[in-house]
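Just so you know, we're using the numbering used here here: the sequence shown kicks off at 470 and counts up by one.
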Amino acid sequence: MKTFKLVLAVLIVMTAVAMCTQVFAEEAVASKYGVKLYGKIKADLSFDDSTVTNGNYGQWVANESATVGKDVDAMNLTASETRLGLDFKGPDYEDMETSGKIEVDFFDTTVAQNKAEMYMRHAYVKLAWPDMDLSVLAGQTWDVIAPLNPTTLNYSVMWWQGNVQYRRPMIAVKKGIDLESDMKLTLEGAIARNIGDAASTTTFTNTNVDTGVDNASPILEGRIALSLPLLTEKASTIGLSAAVGTETMYTNAAKTLSNDYDVNLIAIDVSLPLVEGIALKAEYWTGENLDAFLGGVGQGINTTLLKSIEADGGWVAVAFGPYEDWSFNVGYGVDDPDDADLATSARAENEVMFANVIYSMNEAVKVGLEVSSMETKYMGATAGAASTKGDATRIQASMIYTF
470 MKTFKLVLAV LIVMTAVAMC TQVFAEEAVA SKYGVKLYGK IKADLSFDDS
520 TVTNGNYGQW VANESATVGK DVDAMNLTAS ETRLGLDFKG PDYEDMETSG
570 KIEVDFFDTT VAQNKAEMYM RHAYVKLAWP DMDLSVLAGQ TWDVIAPLNP
620 TTLNYSVMWW QGNVQYRRPM IAVKKGIDLE SDMKLTLEGA IARNIGDAAS
670 TTTFTNTNVD TGVDNASPIL EGRIALSLPL LTEKASTIGL SAAVGTETMY
720 TNAAKTLSND YDVNLIAIDV SLPLVEGIAL KAEYWTGENL DAFLGGVGQG
770 INTTLLKSIE ADGGWVAVAF GPYEDWSFNV GYGVDDPDDA DLATSARAEN
820 EVMFANVIYS MNEAVKVGLE VSSMETKYMG ATAGAASTKG DATRIQASMI
870 YTF
């Protein structure tokens, strides 16, 4: 019997090898349309001298008036920002071009640190009419509002620290208008998924599925931008953008009583080349109920006072280089919710200053070092009590292979 099983196993292995050999011997089957693989492999090592959320990247610092997190050193090592993407091209139809994108990283924070899972970033179809400078996009991608990001090694690019905007499902339209040979007006609009607070984060957990879904209306986003040369031959751009929506929170199990909470945002963005090799980027914004846009230091609705949390903030960053193989970046950001809208012990302000240096070893490989100074202020533990804070210095080293 053992001999029979051994012979059977050998036959199965030989059959599998023969099938694989035949498959690889056949001519490779190409996609009907153009496909480009791109991405990066990124390893990040960071040290914090106080407890920082999330750890692998810096959001805010733990309240150091509490016993947990006060001046507690921490080290994190991750490859979760590794990214894979596919760009699809074609087929074209008359004057219309079609394309698509799928992009993922591995920053799912719900799994073990050595068992990263794919996390969807982009997935969309795009129709474009180049002759009219017009495009329509359907799927998930970046918000239309506040489109700029600073160049940081920290994965979260100052989200919750003054930089608002994220990715969500949407249908978006973009139109370019040439005013003169060196001036261009860009108009963008989108109907986007209304992402609210999940049941587990609301007061009435047995009633609400998602405060965005429960409202049964989308988020509306729009932006107008003007591009023209100012200080250098490279174009500078100034943009004005806005987003509006409403979330609904039911307050009884029968879903006959509810409160609506406005979502609104207005933002200004500036991209300004100063001289050759030096460029400034900045954004300022104000609004309410902005946790889905990573504003308000991650706070949107005060479920104790039952009101939206107003906040304002912004960031500025200057990029130097590249000078041969070296690039340098410095920046500052702040997110400041309205104290009158906050519950006791809530995050009252969050700010960061950073500086980094990035060296290109060759066309594909870069190494970088970044130092950040983070401070998070908190409301007092009781009404009228003095505010408290947490601060941390974060040092992060990264190695990146881009393809």
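Using N, Cα and C, we set each Cβ at its ideal position, and we do this for glycine too.
- The Cβ atoms of T680 and A694 do not sit closer than 7 Å to each other.
- Out of N798, Y635, G756, the CA that lies nearest to the CA of A748 is found in N798.
- The Cβ neighbour count for V834, taken over all protein chains shown within 10 Å, is under 16; the residue is labelled exposed.
- Between the region 750-768 and the region 802-813, the count of Cβ pairs shorter than 8 Å is three or higher; the stretches touch.
- In the three-state reduction of the DSSP assignment, F872 falls in the coil class.
- Per DSSP, T755 is one residue of the beta strand (DSSP E) stretching across 747-757.
- Excluding sequence positions up to five before and after S796, its CB lies within less than 6 Å of the CB of G790, I827, all in the same chain and listed in chain order.
- D781 sits buried, since 16 or more C-beta atoms from the chains shown fall within 10 Å of its C-beta.
- Between the C-alpha atoms of I869 and V787 there is a straight-line separation of about 21 Å.
- DSSP assignment within the region 799-868 yields the following whole beta strand (DSSP E) runs of 3 residues or more, N-terminal first: 816-829, 834-847.
- Straight-line spacing of the CA atoms in I646 and T655 works out to 6 Å.
- Just so you know, the alpha carbons of M848 and T578 end up roughly 27 Å apart.
- Where M587 is concerned, there is no enclosing beta strand (DSSP E), because DSSP gives it neither an H nor an E.
- In the structure shown, M639 falls within a strand segment according to DSSP collapsed to helix, strand and coil.
- Counting along the chain, the unbroken beta strand (DSSP E) around P698 starts and ends at 688-698.
- Short of 7 Å from the beta carbon of D805, and not among the five residues preceding or following it, lie these beta carbons of its own chain, in chain order: A780, D781, G782, E818.
- Boundaries of the beta strand (DSSP E) around R552: 552-558.
- The bridge partners DSSP lists for Y624 come to none.
- Excluding sequence positions up to five before and after T547, its CB lies within less than 7 Å of the CB of D513, N525, Q582, all in the same chain and listed in chain order.
- In this structure, the straight-line span from the alpha carbon of A607 to that of Y507 is close to 21 Å.
- Its chain contains S604, E657 as the residues whose beta carbon lies nearer than 6 Å to that of K643, once the 5 sequence neighbours on both sides are disregarded; these appear in chain order.
- Classified as exposed, Y562 has fewer than 16 neighbouring CB atoms from the shown chains inside 10 Å of its CB.
- G765 sits in a helix when the DSSP states are folded into three classes.
- Taking every protein chain shown into account, the CB of G503 has fewer than 16 other CB atoms within 10 angstroms, so this residue is exposed.
- Distance between W611 and A659, taken at the CA atoms: about 11 Å.
- Counted as a single uninterrupted DSSP element, the beta strand (DSSP E) harbouring L514 occupies residues 503-517.
- Residue pairing by DSSP puts P742 in a beta bridge opposite A748.
- With fewer than 16 other Cβ atoms inside 10 Å of its own Cβ, T862 counts as exposed.
- Excluding its 5 nearest sequence neighbours in each direction, A615 has C-beta neighbours in its own chain below 7 Å: V633, Q634, S710, A736, D738, E752, W754, listed in chain order.
- In this structure, DSSP gives D647 an extended state, which the three-state scheme calls strand.
- The three-state secondary structure of P619, taken from DSSP, is coil.
- Per DSSP, the unbroken beta strand (DSSP E) holding L546 starts and ends at 543-547.
- Each residue's CA atom was taken as its position, placing A641 and M822 some 33 Å apart.
- Secondary structure at D729: strand, using DSSP grouped into helix, strand and coil.
- Counted as a single uninterrupted DSSP element, the beta strand (DSSP E) harbouring K653 occupies residues 652-661.
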